[in-house]
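What follows is a single structure, written as structure tokens, with notes after it.
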Amino acid sequence: MTPLLFTPLALGSVTVPNRIAIAPMCQYSADDGSMTDWHLQHVMRMGMSGAGLVIIEATAVERRGRITHGCVGLYSDANERAAKRVLDAAKAVALPGTVFGVQLAHAGRKASSQRPWEGAAALGAHEDPWPTIGPSAIPFGAGWHTPNAMTEEDIQGVITHFVEAAQRAVRVGYDVLELHMAHGYLLHSFCSPVSNQRTDQWGGSVEKRLALPLAIMKAVRAAVPKHIAVGARITGTDWIDGGMTIEDSILLAKGLRALNGAYACVSSGAAAADVRIPVGPLYQVPLAEKIKAATGIVTRAVGLITTAQEAEGVLQDGKADQIAVARAILDDPHWGLHAADALGVTLPRPLQYDRASPAKWPGARVNSR
Ligand SMILES: Cc1cc2nc3c(=O)[nH]c(=O)nc-3n(C[C@H](O)[C@H](O)[C@H](O)COP(=O)(O)O)c2cc1C
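Numbering (this note's numbering), first residue to last: 24 to 392.
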């Protein structure tokens with residue numbers, strides 16, 4: 024019997040050939056939001072990894088929504104051209120059936136920060152910082168920029184930016200759009216009581232805190248063709264007393280499903296600085312399991328899923344419909360091919376690499392992945 028990991032899955036009207044997704048990973052290597060040669064090699068490589076779905080890194084819907092000076096955006100014609108160059112090349116060499124998506128994001132109060140290798144703190148005065156926005160004028164943590172509490176005009180503007188970036192993404196050629204509602208960025212910061220203390224229609228009750236992410240899902244879904252899948256990355260918990268809870272997340276996922284959201288990828292944390300998270304193998308899978316059981320939305324689990332056996336186990340146990348891998352596939356860019364080897368599945372390799380498949384050379388070993 025074919026392992027579940029290598030069976031197809033429908034995400035709305037898009038079918039992915041297997042259940043391995045590459046989670047979005049910022050490369051911090053863009054030039055004013057435009058992808059560069061780094062992205063060219065990176066995305067081409069990910070397209071040959073054996074993953075059925077490649078989600079491109081958090082891509083800012085407006086310039087001030089970038090996390091760092093190096094983050095990708097889709098807010099200009101130049102950004103759109105650069106992304107198209109990369110995606111066209113990646114599609115030209117990708118394994119058959121590989122689907123490409125993009126994560127549309129706004130960094131909110133966590134914008135204007137340094138790249139990880141520069142320290143990952145808020146940009147200093149000499150580093151060309153920019154003003155940030157959030158639901159309330161509460162910084163992410165000590166030393167972070169205090170965001171400007173958004174006006175109604177700002178909120179309507181952000182909805183428009185998501186719609187326009189989504190339309191650009193469709194022109195670029197992505198088939199899946201993932202709205203970033205996690206990791207403390209703008210849409211999550213509206214969901215979480217630690218960052219959202221508004222008293223208008225966008226804050227207060229849980230329904231009001233979830234209203235902006237859902238309004239954006241609705242607007243984006245309406246603005247792109249039906250053959251495009253629109254999903255979201257959500258937060259299962261803030262891991263903070265008084266923060267966003269799994270009950271809130273279930274409400275969010277129900278709302279997304281009602282708006283024809285194609286899937287929920289369940290992550291967690293990063294709502295505020297200095298929060299302890301019980302990180303360990305498969306640590307976010309129980310959150311995905313609860314979302315799937317309570318809502319029936321197509322659910323993706325992510326977070327320290329590093330072996331083929333773990334991935335297959337999550338699916339066999341019915342805890343999620345799809346899994347995503349991030350660091351393990353940066354480390355081993357053929358992770359999907361190796362997972363197939365480990366589970367006894369033959370995935371077609373690029374012909375140029377075929378002589379390296381385990382059956383064809385004496386030095387081959389199927390690793391524990
Ligand atoms: C280099 C790097 C960049 C990341 N960038 C993003 C991002 O753009 N958007 C996002 O939602 N998560 C991002 N993440 C989080 C990953 O998508 C993933 O959820 C996390 O690494 C846990 O999965 P893993 O244990 O398989 O690495 C990033 C992680 C890494 C390591």
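Yeah, the Cβ is synthetic: ideal placement off N, Cα and C, and Gly gets one too. Remember, predicted model here, so these are calculated numbers, not experimental data.
Near ligand 1: L327 beta-carbon under 7 angstroms from a heavy atom: By one-based count along the sequence shown, residue 327 stands at place 304. Within the cutoff, so yes.
Closest Cα partner of V289 within the set I182, T268 and F185: By one-based count along the sequence shown, residue 289 stands at place 266. Taking only the C-alpha atoms, the option nearest V289 is T268.
CB of Y186 within 8 angstroms of CB of A246, strictly: On the sequence shown, position 163 is the one that residue 186 refers to. On the sequence shown, position 223 is the one that residue 246 refers to. First, the residue type needs correcting, since residue 186 is Val and not Tyr in the sequence shown. Yes, the Cβ-Cβ distance between V186 and A246 is below 8 angstroms.
Straight-line gap, A192 to G386 (C-alpha atoms, nearest Å): The residue you call residue 192 lines up with position 169 of the sequence shown. The residue you call residue 386 lines up with position 363 of the sequence shown. Rounded to whole angstroms, A192 to G386 spans 43 angstroms at the Cα level.
Alpha-carbon spacing of G35 relative to T121, whole angstroms: As a working note, residue 35 is residue 12 in the sequence shown. As a working note, residue 121 is residue 98 in the sequence shown. Distance between the alpha carbons of G35 and T121 is about 16 angstroms.
Nearest to I78 (by Cα), restricted to the options A113, S228 and R132: Within the sequence shown, the letter at position 55 stands for residue 78. It is A113.
L374 burial status per 10 Å Cβ neighbour count (16 or more: buried): Counted from its first residue, the sequence shown places residue 374 at position 351. Exposed, by the Cβ-count rule.
Cα-Cα separation, I156 to W262: Position 133 of the sequence shown, counting from 1, holds the residue named residue 156. Position 239 of the sequence shown, counting from 1, holds the residue named residue 262. Roughly 23 angstroms separates the two Cα atoms.
Length of the line joining the Cα atoms of H203 and P304: What you label residue 203 is simply residue 180 of the sequence shown in a count that begins at 1. What you label residue 304 is simply residue 281 of the sequence shown in a count that begins at 1. If you take the alpha carbons of H203 and P304, they lie about 23 angstroms apart.
Any 3 or more C-beta pairs closer than 8 angstroms across the stretch 140-149 and the stretch 97-115: no
Limits of the alpha helix (DSSP H) - the one that R108 falls within: Position 85 of the sequence shown holds residue 108. From DSSP, the alpha helix (DSSP H) with R108 extends over D100 to V116.
Rounded Cβ spacing between N219 and P158 (contact assumed at less than 8 angstroms): In the sequence shown, counting from the first residue as 1, residue 219 sits at position 196. In the sequence shown, counting from the first residue as 1, residue 158 sits at position 135. Sure, about 4 angstroms apart at Cβ, within 8 angstroms.
Inter-residue Cα distance where the pair is Y208 and R89: Here residue 208 is taken as the residue at index 185 of the sequence shown, counted from 1. Here residue 89 is taken as the residue at index 66 of the sequence shown, counted from 1. Their backbone Cα atoms lie some 10 angstroms apart in a straight line.
Proximity below 8 angstroms, CB of P216 to CB of R194: Reading the sequence shown from its first residue, position 193 is the one you call residue 216. Reading the sequence shown from its first residue, position 171 is the one you call residue 194. Not closer than 8 angstroms, so no.
Residue span of the beta strand (DSSP E) that contains G20, given as start and end: Residue 20 is absent from the model: the chain starts at 24 and stops at 392.
Helix, strand or coil at G157 according to DSSP, with G and I counted as helix: On the sequence shown, residue 157 is found 134 positions in, with the first residue counted as 1. Strand at G157.
Run of the beta strand (DSSP E) containing H203, from where it starts to where it stops: Walking along the sequence shown from the start, residue 203 turns up at place 180. Start and end: V199 to H203.
4 or more residues per run - each alpha helix (DSSP H) lying fully within the stretch 39-93: Here the runs fully enclosed are 60-69.
Closer than 7 angstroms: V348 CB and nearest ligand 1 heavy atom: Taking the sequence shown and counting its residues from 1, one reaches residue 348 at position 325. At least one heavy atom of ligand 1 is nearer than 7 angstroms to the Cβ of V348, so yes.
Start and end residues, beta strand (DSSP E) containing R194: Looking up residue 194 in the sequence shown gives position 171. Premise fails: R194 lies in the alpha helix (DSSP H), E175 to V195, not in any beta strand (DSSP E).
A382 beta carbon less than 8 angstroms from that of A362: Translated into the one-based positions of the sequence shown, residue 362 becomes position 339. Translated into the one-based positions of the sequence shown, residue 382 becomes position 359. No, they are not a contact pair.
Any non-hydrogen atom of ligand 1 closer than 7 angstroms to S291 Cβ: Within the sequence shown, residue 291 is the residue found at index 268, counting from 1. Not under cutoff, so the answer is no.
D377, buried or exposed, once every other Cβ within 10 Å from all chains shown has been counted against 16: On the sequence shown, residue 377 is found 354 positions in, with the first residue counted as 1. Per the 10 Å Cβ criterion, exposed.
G131 in three-state terms, based on DSSP: For the purposes of this step, residue 131 is identified with residue 108 of the sequence shown, where counting begins at 1. In the structure shown, G131 sits in a helix (DSSP, three-state: H, G or I).
Cβ neighbours of S136 in the same chain (closer than 7 angstroms, five flanking residues each side left out): Here residue 136 refers to the residue found at position 113 when the sequence shown is read from its first residue. Cβ within range, chain order: I90, T91, A143, A144, A145 and L146.
Per DSSP, cross-strand counterpart(s) of L34: On the sequence shown, residue 34 is found 11 positions in, with the first residue counted as 1. Paired residues: V37.
C-beta atoms of F163 and A324 nearer than 8 angstroms: In the sequence shown, counting from the first residue as 1, residue 163 sits at position 140. In the sequence shown, counting from the first residue as 1, residue 324 sits at position 301. Going by C-beta atoms, F163 is not nearer than 8 angstroms to A324.
Contact set for R372: own chain, Cβ-Cβ below 7 angstroms, skip 5 residues either direction: By one-based count along the sequence shown, residue 372 stands at place 349. Same-chain partners within the cutoff: L360 and S380.
Distance CB(T82)-CB(V125) smaller than 8 angstroms: Reading the sequence shown from its first residue, position 59 is the one you call residue 82. Reading the sequence shown from its first residue, position 102 is the one you call residue 125. In contact: T82 and V125 (Cβ atoms closer than 8 angstroms).
Integer-rounded CB distance, given that I346 should sit under 8 angstroms from I328: Here residue 328 corresponds to residue number 305 of the sequence shown, with the count starting at 1. Here residue 346 corresponds to residue number 323 of the sequence shown, with the count starting at 1. Between I346 and I328 the Cβ distance is about 5 angstroms, and since that is below 8 angstroms, they are a contact.
DSSP bridge partner residues for G254 (one or two, in chain order): Residue 254 sits at position 231 when you count from the first residue of the sequence shown. BP columns for G254 point to E201.
heavy atom of ligand 2 below 7 angstroms from R221 C-beta: As for ligand 2, it is missing from this structure, which binds only ligand 1.
Beta-carbon proximity list for M24, same chain, < 8 angstroms, skipping 5 on both sides: As a position in the sequence shown, residue 24 is number 1, starting the count at 1. Counting only Cβ-Cβ distances below 8 angstroms, and skipping sequence neighbours, we find nothing.
Buried/exposed call for H250, threshold 16 Cβ in 10 Å: As a position in the sequence shown, residue 250 is number 227, starting the count at 1. By the 10 Å Cβ count, H250 comes out exposed.
H65 Cβ short of 7 angstroms to ligand 1 heavy atom set: For the purposes of this step, residue 65 is taken as the residue at position 42 of the sequence shown. Not under cutoff, so the answer is no.
Complete alpha helix (DSSP H) runs within the stretch 336-375 (minimum length 4 residues, chain order): 350-354 and 358-365
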